[in-house]
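Chemist:
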Amino acid sequence: MPSYLLAYFGSTLGSLSSYASSLMLLAYYFLSREKHELIFPFILLGILYYTLSGLNFSEYEPEWFFKDFIRFMIVVVCAVDLLYKTNNKEIYLILLIGGLSIIINAVVFPLANANFYPTYGRFSGFYLNPNFAGTICLIGFALSYSMSHKWLKLGGQLIFTLAGILTFSRSFIVIWLLINMIAIYHSRKNVIVPAIGALVLILLFAVSSFLTLNTARFSALQSIFSDEQIQSETIQKDSRTGTWALYTDIIFDKPFWGNGYEYMQKKQQGLPGVHNTFLMVLGEAGIIPFFLIVGIYLFLLIKSYSFFRSNPEFFYLSCVLTISLMVGHTYFSNYYNVLVSMYLLIQFKKLSASSPLILK
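Each residue of the sequence shown is one higher than the last, beginning at 3 in the numbering used here.
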C-alpha cells in the first residue's frame, strides 16, 4: 500500500504510510504479551547481506541504505509474534482483495499503470508491477488448497487464475501449471482446477476485444491454443536466463565480498537488473549470505515436502517462494517473500509439535 499510495497519491501519503507500517509493527511487537522465539536465519541473513554489501557501497548519500537495513530488521524481528497469530485463511482473504484489484485494474481502470505507459496492457492492481502481482496470485492460489469451504476455495482459484493471467507474467503460467500437476498427483479431485483455467482462458478470449491487453503477449498466448504457429520469439524475448548471463563476469569478479548494495538491481547501460535474488545476493554481498539464503529455501522445500500428505499447500507455497526468487530481485524491499517464508517455518514448528512422529 505505501508504494501504491506513493505512485497514485504522491510522496506525502506514500512516506507516511511507509513509516506507519513499520511503526505499527514495532508497536505490535512491544505491546504483544505473548513473546515467541525469533527466527534467527532471517536475522542473520539481513545482517550478513547488509554488512557485506555495505563494504562496497559507493553512493554519496547512505541514509537510505541504513533505512532499508533498519526496516528489514524490523520485519524479521517484530513480525514473528504477529505471524504466530495469523492463519492461512486470513492471508488468503487479504490476497483475494489484491487479486480482485488486478481484475478491476484490467476491466475498470485499464489505463492506470503508474510505473509503465497507459496502454501497457499488463495489469498489477495494488502491486504496480505485473511480475510481482503474478507471484502474489500464485501465493493465494497455493493457499486455496487449504480452504475447507468449497466455494471459497473454487472462487479464490478462479480469481487468482484470472488475475494472474491478466498480469501476462510468463513465470505465473509456468508455476501455475507446476502446482496443478503436483496437486493432481496429490489428489485426482484437483483435476477440476485446470478446467477452471480453461474456463478463464475461454472467457478472456471472448472479451479480449473489450480490454486493453498487451498485444504481443496476448497474441503469443492465443497462438498456443490456435492452429497458427506458436510465437516462440515473443515467449522467449528478454528471457531471465539471458538476463542472468549478462552478470556472469560481474559475479566472478568479486565472488567473496560482492560488488556492493543495489549494484545488481539498478539499471545500467546494457544491464537491466539481474532479476534473480540468489544471484543478487551473490553479486552484491558475496558467497557467505548466498549459501545462507540457498540453505533457507532448500530447507523450506524439504521440510514442506515432509508434510505434503497432510498439508500440501505448504509445499506449493515453498515452490512458489523459491522459484519467484529466481525471477525477481526485490527480496529486501518487498517483504512478502520473507514474511510468507517466516510464516511457513512457524507452521512447520506447530505441525512438528502436534505430530511428534514426523521427523523434526
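Quick reminder that beta carbons are idealized off the backbone N, C-alpha and C, glycines included.
What did DSSP end up calling Leu273 once you bin it into helix, strand or coil?
Modeler: Of the three classes helix, strand and coil, the one that applies to Leu273 here is strand, per DSSP.
Chemist: Closest to Lys305 by C-alpha separation, out of Leu327, Asn339, Leu347, Val296, would be which residue?
Modeler: Nearest option by C-alpha distance: Leu347.
Chemist: Can you tell me which of Gln349, Ile289, Thr243 puts its alpha carbon nearest to the alpha carbon of Asp255?
Modeler: That would be Ile289, whose Cα lies nearest to the Cα of Asp255.
Chemist: Can you give me the Cβ contacts of Phe143 inside the same chain, cut-off strictly under 6 angstroms, excluding the 5 residues immediately before and after it?
Modeler: Counting only Cβ-Cβ distances below 6 angstroms, and skipping sequence neighbours, we find Phe162.
Chemist: Pull up the distance between the alpha-carbon of Ile1 and that of Ile186, whole angstroms please.
Modeler: The structure shown does not extend to residue 1, since the chain is modelled only from 3 through 362, so no value can be given for it.
Chemist: Between which two residues does the alpha helix (DSSP H) harbouring Ser19 extend?
Modeler: Per DSSP, Ser19 belongs to the alpha helix (DSSP H) from 13-33.
Chemist: Looking at C-alpha atoms only, which residue of Arg311, Ser335, Tyr345, His277 is the closest neighbour of Ser326?
Modeler: Among Arg311, Ser335, Tyr345, His277, the Cα nearest to that of Ser326 is on His277.
Chemist: Would the beta-carbon of Tyr86 fall within 9 angstroms of that of Tyr263?
Modeler: No. Outside cutoff.
Chemist: With Met75 as the anchor, note down where its alpha helix (DSSP H) starts and where it stops.
Modeler: Start and end: 65-86.
Chemist: Between the beta-carbon of Tyr129 and the beta-carbon of Tyr6, is there less than 9 angstroms?
Modeler: Cβ atoms of Tyr129 and Tyr6: closer than 9 angstroms.
Chemist: Relative to the C-alpha of Ala81, which candidate in Phe67, Ser126, Pro112, Phe32 has its C-alpha closest?
Modeler: The candidate whose alpha carbon is nearest that of Ala81 is Phe32.
Chemist: My understanding is that Asn261 touches Gly285, with C-beta atoms under 8 angstroms, so please give their C-beta distance in whole angstroms.
Modeler: Going by Cβ atoms, the distance from Asn261 to Gly285 rounds to 6 angstroms, so yes, they are a contact pair.
Chemist: Hey, could you find the ends of the alpha helix (DSSP H) Val209 is sitting in?
Modeler: First-last of the alpha helix (DSSP H) with Val209: 194-209.
Chemist: Which value, in whole angstroms, describes the spacing of the CA atoms of Lys91 and Asn117?
Modeler: If you take the alpha carbons of Lys91 and Asn117, they lie about 31 angstroms apart.
Chemist: Using the Cβ count rule (16 or more neighbours within 10 Å means buried), how would you classify Tyr345?
Modeler: By the 10 Å Cβ count, Tyr345 comes out buried.
Chemist: Nearest to Phe309 by alpha carbon, out of Ala9, Leu206, Lys351, Arg219?
Modeler: Looking at the Cα atoms, Lys351 is the closest of the given residues.
Chemist: Give a yes or no on whether the C-beta atoms belonging to Ile198 and Tyr338 are separated by under 9 angstroms.
Modeler: Cβ atoms of Ile198 and Tyr338: not closer than 9 angstroms.
Chemist: Have a look at Leu15 and Ala9 and give me their C-alpha separation to the nearest angstrom.
Modeler: Answer to the nearest angstrom: the Cα atoms are 10 angstroms apart.
Chemist: Around the C-beta of Gly158, are 16 or more other C-beta atoms found within 10 angstroms, so that it is buried, or is it exposed?
Modeler: By the 10 Å Cβ count, Gly158 comes out buried.
Chemist: So what does DSSP say about Arg172, is it helix, strand or coil?
Modeler: Residue state, collapsed to three classes: helix.
Chemist: Does chain C have any CB closer than 9 angstroms to the CB of Cys139?
Modeler: Absence of chain C from the displayed structure is noted, only one protein chain being present.
Chemist: With a CB to CB cut of under 8 angstroms and the five nearest residues on each side skipped, what residues in its chain are close to Leu353?
Modeler: Same-chain partners within the cutoff: Phe309, Ser312, Asn313, Ile360.
Chemist: Suppose the cutoff is 8 angstroms on Cβ atoms and the five residues either side in sequence are ignored; what does the same chain contact list for Asp83 look like?
Modeler: Closer than 8 angstroms at the Cβ level, and outside the excluded window around Asp83, lie Tyr30, Tyr31, Ser34, Glu36, Lys37, His38.
Chemist: For His331, count neighbouring Cβ atoms within 10 angstroms of its own Cβ and tell me buried if that reaches 16, exposed if not.
Modeler: Result: buried.
Chemist: Would Ala165 pass as a contact of Ile105 if the rule is Cβ separation under 9 angstroms?
Modeler: For Ala165 and Ile105, yes; Cβs fall inside 9 angstroms.
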